[in-house]
Structures are given as structure tokens and as C-alpha cells.
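Step one of this worksheet: look at the structure below.
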Amino acid sequence: MLRKILKQLRQNICFKSIQTLIALVFSCLIVCIIAVMGFLSYYVTGRVVEKYSAEYVMQLVKQVNYNIQYYLENVETISKNLSYNMDIKKFLEGNSSMQNVQEISQYLNTFVQSRSDILNIFVFTEDGRMIANRDDVKFKTTVDFKGEPWYKKAIQTDELVISSSHVQNIIEGQYKWVVSCSRALTGVNTMKKLGVLLIDLNFNLIHDMCSKIELGKKGYVFILDSDGNIVYHPKQQLLYSNLKSERIDLILNSSAPTIMVEEGGSEKQYIITSSPYSGWKVVGVVYIDDISDYKSLLERFFLILGVASLAISVLCSVIISRHFSRPIRELVNIMNQVKDGNFDVSVNIKSYNEIGKLGKTFNYMVQEIKNLIKQIQFEQKQKRLNELKALQAQINPHFLYNTLDSIIWMAEAKKYEEVIKMTSSLARLFRISISRGREFITVKEEIEHVKNYLTIQQIRYPNKFDYEVNVDPAIEKYRIVKLILQPIVENAIYHGIRNMEGMGKIVITGEQRGDKLMFEVKDNGIGMDEETLCNLFNRNYYKESRLSGVGIRNVDERIKLYYGTEYGIQIESQLLQGTTVRIYIPIEKAEEDAVQ
Amino acid sequence: MINKNLIIKISLYFFIAALILVVLIKFLPERRKYEKVVYVVVKSVDPEFEFWQTVKMGAETAAKELDIDMIFTGPMEETDITGQIEILDDIISKRPMAIVLAPSDYKKLVPISEKIIKSNITLVTIDSAIDTPLCKSLISTNNLEAAQQAAEEMARLIGYEGKVAIMSFVKGVSTAIERERGFREAISKYKKIQLIEETWFSEGKEDIAYAQTLDILKKHPDVAGIFGANEKTVIGIARAIEDLGLNGKIKLVGFDGNQEEVMFIEKGVIDAVMVQRPFNMGYLGVREAVEISLDKKKPEYIDTGAVLIRKDNLYTPENQKLLFPFVK
Numbered sequence: 001m002l003r004k005i006l007k008q009l010r011q012n013i014c015f016k017s018i019q020t021l022i023a024l025v026f027s028c029l030i031v032c033i034i035a036v037m038g039f040l041s042y043y044v045t046g047r048v049v050e051k052y053s054a055e056y057v058m059q060l061v062k063q064v065n066y067n068i069q070y071y072l073e074n075v076e077t078i079s080k081n082l083s084y085n086m087d088i089k090k091f092l093e094g095n096s097s098m099q100n101v102q103e104i105s106q107y108l109n110t111f112v113q114s115r116s117d118i119l120n121i122f123v124f125t126e127d128g129r130m131i132a133n134r135d136d137v138k139f140k141t142t143v144d145f146k147g148e149p150w151y152k153k154a155i156q157t158d159e160l161v162i163s164s165s166h167v168q169n170i171i172e173g174q175y176k177w178v179v180s181c182s183r184a185l186t187g188v189n190t191m192k193k194l195g196v197l198l199i200d201l202n203f204n205l206i207h208d209m210c211s212k213i214e215l216g217k218k219g220y221v222f223i224l225d226s227d228g229n230i231v232y233h234p235k236q237q238l239l240y241s242n243l244k245s246e247r248i249d250l251i252l253n254s255s256a257p258t259i260m261v262e263e264g265g266s267e268k269q270y271i272i273t274s275s276p277y278s279g280w281k282v283v284g285v286v287y288i289d290d291i292s293d294y295k296s297l298l299e300r301f302f303l304i305l306g307v308a309s310l311a312i313s314v315l316c317s318v319i320i321s322r323h324f325s326r327p328i329r330e331l332v333n334i335m336n337q338v339k340d341g342n343f344d345v346s347v348n349i350k351s352y353n354e355i356g357k358l359g360k361t362f363n364y365m366v367q368e369i370k371n372l373i374k375q376i377q378f379e380q381k382q383k384r385l386n387e388l389k390a391l392q393a394q395i396n397p398h399f400l401y402n403t404l405d406s407i408i409w410m411a412e413a414k415k416y417e418e419v420i421k422m423t424s425s426l427a428r429l430f431r432i433s434i435s436r437g438r439e440f441i442t443v444k445e446e447i448e449h450v451k452n453y454l455t456i457q458q459i460r461y462p463n464k465f466d467y468e469v470n471v472d473p474a475i476e477k478y479r480i481v482k483l484i485l486q487p488i489v490e491n492a493i494y495h496g497i498r499n500m501e502g503m504g505k506i507v508i509t510g511e512q513r514g515d516k517l518m519f520e521v522k523d524n525g526i527g528m529d530e531e532t533l534c535n536l537f538n539r540n541y542y543k544e545s546r547l548s549g550v551g552i553r554n555v556d557e558r559i560k561l562y563y564g565t566e567y568g569i570q571i572e573s574q575l576l577q578g579t580t581v582r583i584y585i586p587i588e589k590a591e592e593d594a595v596q
Numbered sequence: 597m598i599n600k601n602l603i604i605k606i607s608l609y610f611f612i613a614a615l616i617l618v619v620l621i622k623f624l625p626e627r628r629k630y631e632k633v634v635y636v637v638v639k640s641v642d643p644e645f646e647f648w649q650t651v652k653m654g655a656e657t658a659a660k661e662l663d664i665d666m667i668f669t670g671p672m673e674e675t676d677i678t679g680q681i682e683i684l685d686d687i688i689s690k691r692p693m694a695i696v697l698a699p700s701d702y703k704k705l706v707p708i709s710e711k712i713i714k715s716n717i718t719l720v721t722i723d724s725a726i727d728t729p730l731c732k733s734l735i736s737t738n739n740l741e742a743a744q745q746a747a748e749e750m751a752r753l754i755g756y757e758g759k760v761a762i763m764s765f766v767k768g769v770s771t772a773i774e775r776e777r778g779f780r781e782a783i784s785k786y787k788k789i790q791l792i793e794e795t796w797f798s799e800g801k802e803d804i805a806y807a808q809t810l811d812i813l814k815k816h817p818d819v820a821g822i823f824g825a826n827e828k829t830v831i832g833i834a835r836a837i838e839d840l841g842l843n844g845k846i847k848l849v850g851f852d853g854n855q856e857e858v859m860f861i862e863k864g865v866i867d868a869v870m871v872q873r874p875f876n877m878g879y880l881g882v883r884e885a886v887e888i889s890l891d892k893k894k895p896e897y898i899d900t901g902a903v904l905i906r907k908d909n910l911y912t913p914e915n916q917k918l919l920f921p922f923v924k
């Protein structure tokens with residue numbers, strides 16, 4: 001079944017014209033090229049976009065990390081400065097007056113006032129005393145600050161301790177999100193840790209820094225501290241209620257800067273930067289379908305491009321193929337005309353390429369064939385004329401020795417008058433017949449020739465027929481192919497009059513009929529029946545019957561060869577009534593030498 | 597000498613094709629996953645009202661995640677039922693993809709809700725239910741269960757004996773009804789606890805709650821515990837107790853947690869509160885709305901859960917974020 005369909009298909013798509021072939025091949029080629037190019041550029045563009053977007057995200061995340069680190073380093077400097085402050089050291093050792101405490105408080109407040117991001121600076125001692133940067137701060141009596149993580153951690157180390165983000169809950173009526181930076185403080189003369197300095201940073205700053213960052217439509221940035229606690233996450237609440245999850249374990253243990261994870265069927269990428277100073281990790285989250293958003297645009301672009309170029313290429317190949325195949329089709333058309341026998345055509349191709357040359361060669365060839373045909377036609381005609389001449393020449397000797405026989409008989413009978421008349425007629429007859437080899441003579445000469453012939457025949461067949469010649473003298477000067485009347489008259493005598501009883505009569509007339517000359521030979525002999533008349537011009541019939549009439553047919557043929565088919569002989573005949581033969585020839589003026 | 601005409605013709609075709617290409621690329625709309633708008637209509641858009649502001653935060657997070665437009669709106673006052681109906685009427689005429697609604701009344705919003713559903717707009721209710729079988733999507737705290745949990749805590753606090761009073765907020769609101777029912781069911785399991793039949797109402801206002809507390813104490817001076825069914829009610833009761841110096845003597849268990857409540861918890865005036873997750877309501881409300889209308893998800897009831905907050909777990913990282921959702 002399938003094979004059948006394929007076969008059918010192949011038969012239908014057989015390339016019947018060069019145009020289809022060229023168009024198809026061109027289109028296929030262009031489509032292939034477009035497909036390859038399109039796919040390559042799509043792939044390359046995609047890779048470039050991916051690479052650059054990944055780099056961009058990395059830069060962005062790095063920048064956030066750097067900013068935060070710089071910021072925290074700044075805070076450390078402040079904390080270091082304060083830890084070397086002698087007044088504070090004295091306060092820790094318990095050697096401060098009320099006034100000193102006031103001064104320290106004011107000093108601490110200068111930092112808070114100059115930096116909007118610092119919320120509180122407090123000093124706590126191991127024995128439970130404290131200084132705040134402001135007088136109006138009321139510490140909660142319910143909270144034991146020594147139990148707070150920022151205190152416990154700081155008292156155990158010399159380094160600055162940076163907490164995760166949390167709500168500062170030691171001040172009454174104030175619940176602010178802060179990052180607590182705490183440092184152990186020592187006394188003037190001892191390295192013993194006597195208290196803790198607490199600098200609360202407003203979490204606003206870090207929050208804003210991170211929340212403003214857009215990584216695609218859905219991407220975001222979050223921060224983890226060294227223990228994996230969330231410092232900042234835009235969807236923190238969802239994480240706590242398990243509506244979202246981050247692979248914090250993976251992030252903490254990863255040494256690679258990027259990790260790909262799956263979330264609810266779509267892929268997201270973690271871009272991790274960590275600060276060796278704070279131990280914080282700034283993590284960028286990018287959704288792959290988000291950054292591959294460009295793909296649909298790209299796909300659309302290349303699809304349109306493909307379809308458009310396909311259309312253009314098909315159009316172009318059709319045009320080009322038509323351009324090439326049109327002259328070929330023209331050539332084929334002309335060739336078909338030539339095949340049907342029309343040689344009067346020529347190919348009109350103006351281009352100079354191979355097809356143009358082909359056309360020219362074809363034109364030359366057609367011309368050659370035409371010439372050859374003409375030549376052959378001419379040669380055929382010549383050959384036939386020569387044949388007829390030879391035939392004519394064959395009749396004359398027969399007539400000659402009959403006539404000469406008659407002359408001998410008359411001389412034996414001593415009819416000298418007739419001998420003279422006959423001999424002189426014969427001489428004139430032959431002079432005109434030969435006519436120095438010319439084919440054409442004047443009408444006058446032709447009439448004279450036939451008269452001489454009739455004179456001879458009258459002497460040979462005495463009292464058998466009578467004749468009359470009525471030729472318009474106006475036409476005597478015209479030129480005429482020679483010996484056309486004599487064969488007709490011969491025919492009238494031998495087939496019309498010789499076998500009849502009583503006197504025969506032959507009337508010859510000649511006159512102008514329109515633009516033609518018309519000669520008429522009329523006899524009152526036995527005539528012909530319909531059948532004989534019909535077959536008179538049939539060459540085959542005469543060959544079989546061997547009937548005379550060859551003369552008439554030859555005359556007709558000669559006239560047609562010389563003058564064309566519209567001229568020739570017409571015969572009317574009725575049995576026992578007689579025959580009328582009319583000869584039509586064109587009017588032609590005789591040349592000078594012909595008249596002579 | 598390939599025909600000049602041919603070259604001109606071909607270049608002309610190329611030009612036209614290029615033009616069509618440019619036009620096509622320019623005017624083909626960029627494909628977006630979701631194109632329509634989701635309205636979130638809450639009971640109050642008062643910026644001081646943290647609960648609804650947290651809902652807004654959740655809704656915004658979901659909108660960003662799903663790449664849709666979200667518009668947050670509602671009346672100023674929680675009790676402005678007609679105002680909410682008017683707003684909804686206006687929204688219907690804008691033909692959004694979905695509406696996430698926190699209905700301010702269990703019955704009065706039924707006609708407008710049915711109109712929304714009949715207009716082929718997806719309706720998702722959050723926080724409170726609505727009295728129509730047409731709306732099948734609800735995202736809220738399971739108030740019944742949360743109230744039961746609060747009752748258990750109350751029973752524990754008062755040593756499983758004594759008198760307990762209930763102060764609800766607005767009559768007819770589904771959350772109020774459910775919380776009261778849940779509390780009553782759970783507390784009545786304990787035979788030694790005497791649950792007062794009468795229910796007081798605060799109308800959602802602190803001063804009324806304050807006055808009603810005085811009324812409770814007048815009628816039942818020996819009351820051991822009071823249950824306040826929402827934020828304002830609990831604060832009103834707490835103030836009255838503090839003013840009367842009854843700290844610790846009368847156990848107070850309530851709902852919701854804001855900064856003021858946290859302060860009372862720290863002082864020991866309020867013993868426990870059930871804190872809901874408004875962020876999750878907003879987030880899930882929008883997500884459900886989008887999934888139902890675009891992904892043809894089946895509507896369902898989603899419990900966002902509630903957390904029992906006491907003095908000892910105020911500052912765990914999870915509860916900090918829940919009690920102080922805004923970075924200030």
C-alpha cells in the first residue's frame with residue numbers, strides 16, 4: 001500500500017520541466033542552508049545569552065557580598081576603637097563616676113547619631129552594670145542580657161561576633177530587627193574580659209540591599225550566616241511553614257560557586273559567594289526558565305526568519321528558473337513548428353549565453369534546411385522539364401517519318417504542288433519547334449506552328465477535316481511557352497476526328513480573358529465519355545491504358561511547372577458531340593529577342 | 597548580462613519580505629505565562645493593621661513568583677461590610693482573572709460572591725469563610741482546631757479547674773463563631789472547669805473589650821481565665837487586667853500577635869496566643885487563585901495552621917519572623 005503511494009508520488013513528481021527541477025533544487029538547497037544557519041545561530045545566541053546572564057548574576061551577587069563585608073568591616077573598626085577607649089575600660093573596672101558614665105554615653109551616641117545604620121551601642125559589664133548611648137533607653141527587667149547569645153559568644157572570644165538577624169528584645173517597647181555585633185572588653189591593666197560591647201546594626205540596610213536586587217523575574221538573593229541560619233530571605237515565612245525550601249545543607253557544604261537544584265519541576269541555580277570575614281554566604285537564586293525566557297523570543301525570531309527566507313527563496317528560484325527555462329521553452333515551441341513543416345520561423349533570443357547560442361545555431365540550421373528544400377524542389381522541377389523535353393523530342397521523329405512517307409508517296413504520284421506545300425510547312429514547323437533552343441516563343445509563332453501542322457495533316461488526311469483559326473491579333477505579341485497548341489490539335493485529330501464519319505472541323509480561338517490568355521481548341525469529333533474525361537489527367541490510368549492523351553497531360557504539366565498551378569488545361573467533352581479544350585496561361589510581354 | 601530587470605525584481609521581493617519580517621517581529625505579542633490580574637480584597641487596608649499588611653506581603657511574593665499583576669485593596673475599616681461589597685462590585689466590572697477575598701461577613705457577602713462566581717471570575721476566600729456552597733476554595737487558619745489548642749493551653753494554665761469566660765469580637769463572622777465553638781468544645785471536656793454560658797463581644801474594639809472585661813469581673817469576680825477571640829479583644833482584656841493589677845491571677849489566652857501583645861506576653865499579662873500565618877494566607881491565596889483559573893486546579897480547603905506563642909518561645913527565629921513580619 002505504502003509502496004503504491006510512493007510510486008504514485010514519484011510518478012507525479014517526475015521533473016517534466018527544467019523550471020521545476022531548478023526551482024526544487026534551489027529551494028531545497030536554500031532551505032537546508034537556512035536550517036543549518038538558523039539552528040547554529042539559535043544555539044550560539046542561546047549559549048552567549050546564558051553565559052552572559054550567568055556572569056551578570058555572579059557579578060551582582062558578588063557585589064552584594066562585597067558591600068556587606070565592607071560594611072561589617074567598618075563596624076569592626078568602630079568596635080575596635082571603642083574597645084581601646086580608656087573611659088570605657090575604667091567603667092568596666094568599676095572606677096567611674098556618674099559624670100564619666102554620662103560622658104561615655106554621649107561619646108557612644110556620637111556614633112549612633114553620625115550613622116543612621118547603627119541603632120544602639122551598649123556596654124554591659126560582667127557584674128551587671130550597663131551604659132546605653134541614650135538616656136531614655138529602658139532595659140527590660142525581665143531579660144537577663146548575660147543569657148543572650150550575642151553576649152555568651154562574645155565573652156568567649158577576642159574577635160568581633162556578628163549575629164544573625166533577629167529582633168532586639170532587651171529594650172522596653174522596642175522591637176527592631178537588628179544584626180548584633182558584639183566584642184569582649186578588657187580592663188585597663190588586665191586582659192580579663194570584664195564586659196561586652198554591643199553594636200546593633202539596623203537590619204533595614206541589609207534588607208534593602210538584598211530586596212532591591214532583581215535576578216530575572218522570579219530570582220532573589222538571600223543570606224546565610226556561618227551556621228546556616230537565615231540572615232535575610234524574602235520568603236522566610238514560607239520556609240518556616242515548609243511551603244518553600246532552600247537546600248541550605250548543600251549550600252553550606254558546597255565548594256563550587258554554583259549549584260543546580262530542582263524545585264517543583266523547574267530548575268533553579270544557586271550562586272554562592274561567601275565572605276571569609278563574617279562567615280556569611282550571599283546566595284543568588286536564579287530560575288532557569290526565567291533566564292531562558294529569551295528562548296521563546298529567539299525561537300519566534302528564527303521561526304519567522306526561516307519561514308520568510310523560505311518564501312523568498314522559493315520565489316527567487318521560481319523567478320530564476322523561469323528566466324532560464326523561458327528561452328528553452330520558446331526554442332521547443334519553434335522546433336515543434338518546424339517539425340510541422342513551417343520553415344519561415346526564427347528563434348528570437350537576445351541573451352548571449354549558451355541558450356542564446358543554441359537559438360542562433362538553430363536559426364542557421366532552419367535556414368539551411370529551407371535552402372536545401374528549395375534547391376531540391378528546383379532540381380526536381382528541372383528534372384521533370386528535361387524529361388518532358390525529351391518526351392517532346394520523341395514525338396517529333398515519329399511524326400517526321402510519317403510525314404516524310406507521305407511526301408514520298410506524293411512524289412511517286414507526281415503531286416508536286418502538294419510535295420512543295422508539305423515540305424515547306426514541315427520546314428517552318430521544325431524551325432519554330434526548335435526556335436534556337438528557346439523555351440518561350442510569341443503567340444504569333446505558336447499559331448503559325450499549329451497552322452503548319454494542320455496544313456501537313458490536311459494533306460495527309462485529305463477531305464477528312466477542316467479547320468479555322470481565330471486569334472485576336474492583339475495577343476499575338478505576348479510570350480508563351482512553346483508547343484502547347486500542337487499536342488492538343490494532334491489529339492483532336494487522332495482521337496476525335498480520324499475515327500469519325502464525315503467531315504471533321506477544328507476551331508482554334510485565342511483571346512484575352514481578364515488577366516489571362518485563353519486558347520480554345522474545339523472539334524466536333526467522337527468526344528469522350530465521363531469516365532475517360534475524369535481519368536484524363538490521371539497518370540496511372542494512362543500508363544495502363546496506353547491511350548493517347550499523353551500530349552494533353554504533358555502540356556498541362558508544363559504549363560503548371562512554368563506558370564503555377566492556377567494555370568493549365570480545362571476539357572469539356574460529350575460523346576459523339578465533340579471536345580473543347582481550353583488552355584489558360586498568364587499574360588507575359590515578350591522580350592525583344594523573342595519577338596525577333 | 598543577467599537581466600537587470602531580474603536583479604531589480606529580486607531585490608524588490610527581498611525588500612518587501614524584510615519589511616514584513618520586521619513588522620511581524622515588532623507586533624508579535626511577547627508571550628507571558630499569566631496575563632491577567634488578581635485582586636486581593638481584604639477586610640482592612642489600614643497600614644497600621646499588621647495582619648492585613650502581612651497578607652499583602654505574602655500576596656506580593658506570590659505575584660512576583662508567578663509573574664502576574666496583583667492589586668491589593670479593601671475598605672479602611674474592618675466593619676465596613678458595604679464598603680467591601682462596593683469595592684467588589686467595582687472589581688467585577690473590570691473582569692479580572694481572579695479575586696482573593698477575605699470576607700468581612702459570613703452572610704452579607706454571599707450575593708456579591710455568587711455574582712463573582714457567576715461572572716466566571718475565580719473566587720478564593722482567605723481568613724474567613726462565606727455561607728455559600730458555590731465557593732469551594734478557602735485558605736484560612738483552621739479556627740476550630742486553633743481555638744481547641746488555645747482551650748487546652750487555658751486548661752493547663754488554670755490547673756484544669758475554675759471559671760472561664762469567652763469574649764468574642766463580631767457576631768456573625770465565621771472566624772468568631774468557629775473560635776468560640778472550638779474553645780467551648782475543648783474546654784468542656786474538663787469537668788472541673790466551669791465555662792460561663794454568656795459570650796461577651798468586643799465589636800473588634802479595644803475600649804469595648806476593656807469595658808466588657810470589667811463587666812465579666814463584675815459578674816464573675818472569681819473568673820480564673822478569659823479567652824479573647826482576636827487581637828483587639830485580647831489587648832483590651834490585657835489592659836483591663838493590668839490596670840486592675842490582676843497580672844497572673846487571671847490567665848489570658850487569645851488570638852493573633854502584634855507588638856503590643858508581645859509586650860503583654862513579656863510582662864506576663866497575656867499567657868498565650870494563637871498566632872496565625874497571614875503571610876501564608878496572602879501567598880497561598882494568590883497562588884491558588886492563579887492555579888485554579890489557569891491550571892484548572894480543583895478548589896480545596898487549605899489550613900495555614902496556627903502557632904501557640906508563649907513567653908518562652910517568643911524569640912525563636914521562626915516566631916520572630918511570625919510576630920515581627922516587617923523589618924523596621
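Protein chains in written order, with our numbering: chain F, 1 to 596; chain R, 597 to 924.
Even for Gly, the Cβ is constructed at its ideal location relative to N, Cα and C.
- Any Cβ of chain R closer than 8 Å to the Cβ of tryptophan 177 (chain F) would place that residue at the interface, and such an atom is present.
- When DSSP states are grouped into helix, strand and coil, histidine 233 (chain F) belongs to the coil group.
- Residues of chain R whose Cβ lies closer than 8 Å to the Cβ of leucine 331 (chain F) do not exist, since the nearest Cβ in that chain is about 18 Å away.
- From the beta-carbon of leucine 243 (chain F), the residues of chain R found nearer than 8 Å are Asn876, Tyr879, Leu880.
- Residue state for valine 641 (chain R) is assigned as coil, using DSSP reduced to three classes.
- Within its own chain, the residues whose Cβ lies closer than 7 Å to the Cβ of methionine 870 (chain R), once the five positions on either side in sequence are excluded, are Ala742, Gln745, Ala746, Phe851, Ala902, Leu904, listed in chain order.
- Burial state of threonine 565 (chain F) is exposed, judged by a 10 Å Cβ sphere holding fewer than 16 other Cβ atoms.
- The beta carbon of leucine 813 (chain R) does not come within 8 Å of any beta carbon belonging to chain F, so the residue lies off that interface.
- The distance from the Cβ of aspartate 701 (chain R) to that of methionine 672 (chain R) is about 16 Å, inconsistent with a contact at the 8 Å cut-off.
- Close to tyrosine 240 (chain F), with beta-carbon spacing below 7 Å, are these residues of chain R in chain order: Glu914, Lys917.
- In this chain, the alpha helix (DSSP H) harbouring tryptophan 150 (chain F) covers 149-154.
- Between valine 923 (chain R) and histidine 207 (chain F), the C-beta spacing is below 8 Å.
- Interface residue (Cβ-Cβ distance to chain R less than 8 Å): glutamine 237 (chain F) is classified as such.
- Across the segment 137-148 of chain F, CB contacts with chain R closer than 8 Å involve Lys140, Thr142, in sequence order along the chain.
- Counting only Cβ-Cβ distances below 9 Å, aspartate 663 (chain R) has contacts in chain F at Lys217, Lys218, Asp290, in chain order.
- Ranking R:Lys814, R:Val830, R:Tyr879, R:Glu857 by CA distance to the CA of serine 241 (chain F) puts R:Tyr879 first.
- Interface flag for alanine 613 (chain R) against chain F is set, since a Cβ pair is found closer than 8 Å.
- With respect to chain R, the C-beta atom of asparagine 204 (chain F) has a partner C-beta closer than 8 Å.
- Relative to asparagine 67 (chain F), the option among F:Val469, F:Lys176, F:Ser274 whose CA is nearest is F:Ser274.
- DSSP places serine 180 (chain F) within a strand segment (E or B) once states are collapsed to three.
- The beta-carbon distance between aspartate 811 (chain R) and tryptophan 796 (chain R), rounded to whole angstroms, is 7 Å. This is short enough to meet the 8 Å contact definition.
- Straight through space, the alpha carbons of glycine 265 (chain F) and tyrosine 220 (chain F) are spaced by roughly 19 Å.
- In the three-state reduction of the DSSP assignment, isoleucine 30 (chain F) falls in the helix class.
- CA-CA distance, alanine 725 (chain R) to valine 637 (chain R), rounds to 14 Å.
- If you ignore the 5 residues before and after arginine 883 (chain R), its C-beta comes within less than 7 Å of the C-beta of Ala658, Leu662, all in its own chain and listed in chain order.
- Per DSSP, lysine 244 (chain F) lies in no alpha helix (DSSP H) and is assigned neither H nor E.
- Isoleucine 312 (chain F) is a Cβ neighbour of alanine 613 (chain R), given a cutoff of 8 Å.
- Taking a Cβ-Cβ cut-off of 8 Å, the neighbours of glutamine 855 (chain R) in chain F comprise Tyr175, given in sequence order.
- Burial state of cysteine 534 (chain F) is exposed, judged by a 10 Å Cβ sphere holding fewer than 16 other Cβ atoms.
- Beta-bridge analysis with DSSP links valine 507 (chain F) to F:Glu468, F:Lys522.
- Take the alpha-carbon of glutamine 458 (chain F) and the one of lysine 516 (chain F): they are about 31 Å apart.
- According to the DSSP secondary-structure assignment, asparagine 202 (chain F) is paired through a beta bridge with F:Val178.
- In this structure, isoleucine 488 (chain F) keeps its C-beta atom at 8 Å or more from the C-beta atom of phenylalanine 440 (chain F).
- The three-state secondary structure of asparagine 843 (chain R), taken from DSSP, is coil.
- Interface with chain R (8 Å Cβ-Cβ cutoff): asparagine 169 (chain F) is included.
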